[in-house]
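Taken in sequence, the protein lines are chains A and B.
In terms of full-length UniProt numbering, the first sequence opens at residue 1 and continues consecutively.
In terms of full-length UniProt numbering, the second sequence opens at residue 1 and continues consecutively.
Ideal Cβ positions, reconstructed from N, Cα and C, are used throughout, including at glycine.
There are 2 protein chains.
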Amino acid sequence: MANKAAPDASRRSERSRRAIFDAALSLVGEVGYDKLTIEGIASRAGVGKQTIYRWWPSKAAVLLDAFTAGVDEYSTQGLPDTGDLAADLKSVLRATADEFNDPVFQAPYRALAAAGANDEELSRTFVARLMEPGTLVYVERLRAAQEAGEVAAGIDVRVAVEMLLSPFSQRWLMRTGELTYDYVDTLVDLVLRGLRPRD
Amino acid sequence: MANKAAPDASRRSERSRRAIFDAALSLVGEVGYDKLTIEGIASRAGVGKQTIYRWWPSKAAVLLDAFTAGVDEYSTQGLPDTGDLAADLKSVLRATADEFNDPVFQAPYRALAAAGANDEELSRTFVARLMEPGTLVYVERLRAAQEAGEVAAGIDVRVAVEMLLSPFSQRWLMRTGELTYDYVDTLVDLVLRGLRPRD
DNA sequence: GCATTAAGACGATACGTCTCGCCTTACCCG
DNA sequence: CGGGTAAGGCGAGACGTATCGTCTTAATGC
Numbered sequence: 001m002a003n004k005a006a007p008d009a010s011r012r013s014e015r016s017r018r019a020i021f022d023a024a025l026s027l028v029g030e031v032g033y034d035k036l037t038i039e040g041i042a043s044r045a046g047v048g049k050q051t052i053y054r055w056w057p058s059k060a061a062v063l064l065d066a067f068t069a070g071v072d073e074y075s076t077q078g079l080p081d082t083g084d085l086a087a088d089l090k091s092v093l094r095a096t097a098d099e100f101n102d103p104v105f106q107a108p109y110r111a112l113a114a115a116g117a118n119d120e121e122l123s124r125t126f127v128a129r130l131m132e133p134g135t136l137v138y139v140e141r142l143r144a145a146q147e148a149g150e151v152a153a154g155i156d157v158r159v160a161v162e163m164l165l166s167p168f169s170q171r172w173l174m175r176t177g178e179l180t181y182d183y184v185d186t187l188v189d190l191v192l193r194g195l196r197p198r199d
Numbered sequence: 001m002a003n004k005a006a007p008d009a010s011r012r013s014e015r016s017r018r019a020i021f022d023a024a025l026s027l028v029g030e031v032g033y034d035k036l037t038i039e040g041i042a043s044r045a046g047v048g049k050q051t052i053y054r055w056w057p058s059k060a061a062v063l064l065d066a067f068t069a070g071v072d073e074y075s076t077q078g079l080p081d082t083g084d085l086a087a088d089l090k091s092v093l094r095a096t097a098d099e100f101n102d103p104v105f106q107a108p109y110r111a112l113a114a115a116g117a118n119d120e121e122l123s124r125t126f127v128a129r130l131m132e133p134g135t136l137v138y139v140e141r142l143r144a145a146q147e148a149g150e151v152a153a154g155i156d157v158r159v160a161v162e163m164l165l166s167p168f169s170q171r172w173l174m175r176t177g178e179l180t181y182d183y184v185d186t187l188v189d190l191v192l193r194g195l196r197p198r199d
């Protein structure tokens with residue numbers, strides 16, 4: 001089934017790979033995703049086009065790998081658990097807001113989210129590699145809170161996390177509002193209001 | 001400041017305009033947004049390319065107008081108010097789920113959401129013309145419920161609506177889950193749990 | 001030595017502009 | 001009013017540029 005005579009990865013140039021990532025990330029910030037071209041990346045990276053086509057199927061795939069490579073350095077540690085659920089969620093979401101407000105982060109992430117909307121396979125990879133890990137730490141934190149009795153027993157934790165993260169993402173992606181600390185706090189408080197056990 | 005000698009709208013061909021809309025909508029469903037081209041639209045519509053370039057700045061703008069023209073026929077009536085808030089929200093969100101699960105609806109809406117992520121001006125128009133009107137009816141319904149004492153007084157209704165609609169949109173856009181009636185019901189119940197007044 | 005590499009030629013599309021007559025429309029004048 | 005005319009939109013498609021994805025070549029480096 002080995003389609004298309006897979007190239008020999010052991011002989012791959014790490015130098016070129018990194019140069020391609022750097023070029024892709026800087027170019028997407030400068031010219032935007034629509035005007036990002038494989039030829040442009042190859043040229044800035046000092047790399048032959050074939051080197052890109054050999055290893056990636058699309059510019060979106062290049063960008064996804066480039067972005068992931070940059071993000072993987074942050075190893076996800078799980079959310080803090082100080083015992084104060086609201087405070088923990090707020091502090092992490094505030095940090096995430098700072099990240100999403102950072103121009104360097106914005107261009108590639110927006111581009112990937114957009115490309116994913118029209119490309120089912122890409123969206124699955126995007127979700128699995130970038131969104132899901134970030135979501136899971138919230139799920140775990142909420143589950144811990146649930147076991148501690150801070151969150152009502154019957155609640156679907158997964159949906160609760162969506163209620164927290166989706167408004168945040170949506171606001172940012174569609175530019176329907178600013179991601180301020182105030183907003184984050186309001187959101188956390190309102191979500192938690194619905195999660196607390198009733199007496 | 002009239003840039004570029006604006007064309008005379010009074011002499012515009014309604015026939016061509018409609019043909020362009022039809023062609024754009026059917027083509028985006030057939031070949032997808034990435035492979036949708038102005039030339040393709042012009043060709044299928046039996047229209048000169050210049051006729052498209054004269055009236056729209058981009059294929060995204062064409063699609064937005066085409067889609068909006070189709071949707072505008074649904075005049076938004078506001079949400080039902082039977083007195084049972086949960087039931088009202090569930091019935092409308094279920095209908096929306098059906099709509100979002102409809103293939104005819106999916107391709108253009110996905111394409112526009114994606115294009116908006118990378119194009120700030122387009123996203124503002126997209127939000128203002130398609131999302132905001134739909135959001136407002138929820139805001140109004142919740143405000144009515146708030147006045148009726150069904151929703152606690154201090155709550156930011158706008159954020160509450162985001163908690164309801166964003167998880168729904170996000171799930172659909174990123175394909176992180178199915179939009180089932182069960183899901184809709186769970187979401188409505190969990191959101192409302194946080195909105196109810198405490199004794 | 002052999003597969004990957006940088007460089008770029010290549011044909012195929014699609015871009016956005018332009019030019020060409022044709023045709024419709026707005027509006028003027030009788 | 002209502003016919004005539006000029007302006008401008010119209011369909012068609014040629015044009016030069018840009019990028020696509022493939023292919024060829026010679027150099028490189030493991």
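Are Arg175 of chain B and Arg11 of chain A close, meaning C-beta to C-beta below 8 Å?
Residue 175 of chain B sits at position 175 when you count from the first residue of the second sequence. Residue 11 of chain A sits at position 11 when you count from the first residue of the first sequence. In this structure, Arg11 of chain A does not lie closer than 8 Å to Arg175 of chain B by Cβ.
From this set, A:Gln77, A:Thr82, A:Ser58 and A:Leu85, which residue's C-alpha is nearest Ala115 of chain A's C-alpha?
The residue labelled residue 115 of chain A in the question sits at position 115 within the first sequence. Measuring from the Cα of Ala115 of chain A, the nearest candidate turns out to be A:Ser58.
Which residue's Cα is closest to the Cα of residue 206 of chain A: A:Ala45, A:Gly154 and A:Trp56?
The structure shown does not extend to residue 206 of chain A, since chain A is modelled only from 1 to 199, so the question has no answer here.
Which value, in whole angstroms, describes the spacing of the CA atoms of Glu150 of chain A and Tyr181 of chain A?
Here residue 150 of chain A refers to the residue found at position 150 of the first sequence. Here residue 181 of chain A refers to the residue found at position 181 of the first sequence. Distance between the alpha carbons of Glu150 of chain A and Tyr181 of chain A: 23 Å.
Could you tell me the alpha carbon to alpha carbon distance between Thr135 of chain A and Glu121 of chain A, rounded to whole angstroms?
As a working note, residue 135 of chain A is residue 135 in the first sequence. As a working note, residue 121 of chain A is residue 121 in the first sequence. When rounded, the distance between both Cα atoms is 20 Å.
Sequence ranges, beta strand (DSSP E) only - wholly within the UniProt domain "HTH tetR-type" (14-74) of chain A, length at least 3
Those beta strand (DSSP E) runs which fall completely within the UniProt domain "HTH tetR-type" (14-74) of chain A and span 3+ residues do not exist here.
Whole angstroms are fine: how far does the CA of Thr37 of chain B sit from the CA of Gln28 of chain B?
Within the second sequence, residue 28 of chain B is the residue found at index 28, counting from 1. Within the second sequence, residue 37 of chain B is the residue found at index 37, counting from 1. According to the sequence shown, residue 28 of chain B is Val rather than Gln. Distance between the alpha carbons of Val28 of chain B and Thr37 of chain B: 9 Å.
Between Thr180 of chain B and chain A, is the shortest Cβ-Cβ distance under 8 Å, so that the two count as touching?
As a working note, residue 180 of chain B is residue 180 in the second sequence. Closer than 8 Å: no.
Check whether the region 101-111 of chain A and the region 181-192 of chain A touch, using three or more Cβ-Cβ pairs below 8 Å as the test.
no
Could you check how far apart the C-beta atoms of Asp24 of chain A and Ala66 of chain A are, in whole angstroms? I think they sit under 8 Å.
As a working note, residue 24 of chain A is residue 24 in the first sequence. As a working note, residue 66 of chain A is residue 66 in the first sequence. Residue identity check: residue 24 of chain A is Ala in the sequence provided, not Asp. Correct: roughly 5 Å between the Cβ atoms.
Just to confirm, is the Cβ distance from Leu79 of chain B to Arg171 of chain B under 8 Å?
Taking the first residue of the second sequence as 1, we reach residue 79 of chain B at position 79. Taking the first residue of the second sequence as 1, we reach residue 171 of chain B at position 171. It is not a contact, given that the beta carbons lie outside the stated cut-off.
Quick check on DSSP: helix, strand or coil for Gln106 of chain A?
Along the first sequence, read from residue 1 onward, the residue named residue 106 of chain A stands at position 106. In the structure shown, Gln106 of chain A sits in a helix (DSSP, three-state: H, G or I).
Quick one: what does DSSP say Leu79 of chain A is sitting in, helix, strand or coil?
Along the first sequence, one-based indexing puts residue 79 of chain A at 79. Three-state result, Leu79 of chain A: coil.
Exposed or buried, what is Asp88 of chain B when buried is set at 16 or more other beta-carbons lying within 10 Å of its beta-carbon?
As a position in the second sequence, residue 88 of chain B is number 88, starting the count at 1. Buried is the call here.
For a contact meaning CB atoms closer than 8 Å, what does Asn118 of chain A contact in chain B?
Walking along the first sequence from the start, residue 118 of chain A turns up at place 118. Going along chain B in sequence order, the residues near Asn118 of chain A (Cβ under 8 Å) are Gly32, Tyr33, Asp34, Arg110, Ala111 and Ala114.
Does Val62 of chain A pass the burial test, meaning 16 or more other C-beta atoms within 10 Å, or should it be called exposed?
In the first sequence, counting from the first residue as 1, residue 62 of chain A sits at position 62. So Val62 of chain A ends up on the buried side.
Any chain A beta carbon closer than 8 Å to Leu173 of chain B:
Counting from one through the second sequence, the residue named residue 173 of chain B turns up at place 173. It does; some Cβ of chain A falls within 8 Å.
4-residue-minimum alpha helix (DSSP H) runs that sit fully inside the region 140-183 of chain A, ordered along the chain
If we require 4 residues or more, the alpha helix (DSSP H) runs fully inside the region 140-183 of chain A come out as 157-174.
Which same chain residues, not among the five before or five after residue 202 of chain A, have their C-beta less than 6 Å away from its C-beta?
Given that chain A is displayed from residue 1 to residue 199, the structure contains no residue 202 of chain A and the question cannot be resolved.
Can you list the residues of chain A that Asp98 of chain B reaches, using a CB-CB cut of under 7 Å?
Along the second sequence, one-based indexing puts residue 98 of chain B at 98. In chain order: nothing, as chain A lies at least about 20 Å away.
By the 10 Å Cβ neighbour count, where 16 or more other Cβ atoms means buried, how is Pro167 of chain A classified, buried or exposed?
As a first step, residue 167 of chain A is located in the first sequence; it is residue number 167 there, counting from the start. The residue is buried, with at least 16 neighbouring Cβ atoms inside 10 Å.
Pick out whichever of B:Phe100, B:Ser43 and B:Ser26 has its Cα sitting closest to the Cα of residue 233 of chain B.
What is shown of chain B runs 1 to 199, which leaves residue 233 of chain B out entirely.
With the cut-off set at 8 Å, would you say Met163 of chain A and Met163 of chain B are in Cβ contact?
By one-based count along the first sequence, residue 163 of chain A stands at place 163. By one-based count along the second sequence, residue 163 of chain B stands at place 163. For Met163 of chain A and Met163 of chain B, yes; Cβs fall inside 8 Å.
Chain B beta carbons: is any one of them nearer than 8 Å to that of Gly78 of chain A?
Numbered from 1 along the first sequence, position 78 holds the residue referred to as residue 78 of chain A. With 8 Å as the cut-off, Gly78 of chain A does not count as an interface residue toward chain B.
Check whether chain A comes within 8 Å of Leu190 of chain B, counting only Cβ atoms and requiring the distance to be less than that.
Here residue 190 of chain B corresponds to residue number 190 of the second sequence, with the count starting at 1. When Cβ-Cβ separations below 8 Å define contact, Leu190 of chain B makes contact with chain A.
How would you label Tyr53 of chain B, buried or exposed, when you count the other beta carbons within 10 angstroms and need 16 or more for buried?
Numbered from 1 along the second sequence, position 53 holds the residue referred to as residue 53 of chain B. Label assigned to Tyr53 of chain B: exposed.
Within its chain, find whatever has a CB closer than 6 Å to the CB of Thr51 of chain B; leave out the 5 residues flanking it on each side and keep chain order.
Counting from one through the second sequence, the residue named residue 51 of chain B turns up at place 51. Ser16, listed in sequence order.
In the structure shown, what three-state DSSP assignment does Pro197 of chain B receive?
By 1-based counting over the second sequence, the position of residue 197 of chain B is 197. Residue state, collapsed to three classes: coil.
Does the Cβ of Asp8 of chain B have 16 or more other Cβ atoms within 10 Å, making it buried, or fewer, making it exposed?
Within the second sequence, the letter at position 8 stands for residue 8 of chain B. Exposed is the call here.
Once you ignore the five residues that flank Val161 of chain B on each side, which residues in its own chain have a CB closer than 8 Å to its CB?
On the second sequence, residue 161 of chain B is found 161 positions in, with the first residue counted as 1. Once the five neighbours on either side are set aside, the close Cβ partners of Val161 of chain B are Thr135, Tyr138, Val139 and Leu142.
Span separating the alpha-carbon of Ala42 of chain B from that of Ile20 of chain B:
On the second sequence, position 42 is the one that residue 42 of chain B refers to. On the second sequence, position 20 is the one that residue 20 of chain B refers to. Roughly 7 Å between the two C-alpha positions.
Quick check on Ile155 of chain A - is its C-beta less than 8 Å from some C-beta in chain B?
Here residue 155 of chain A refers to the residue found at position 155 when the first sequence is read from its first residue. For Ile155 of chain A, the answer is yes, since a Cβ of chain B falls inside 8 Å of its Cβ.
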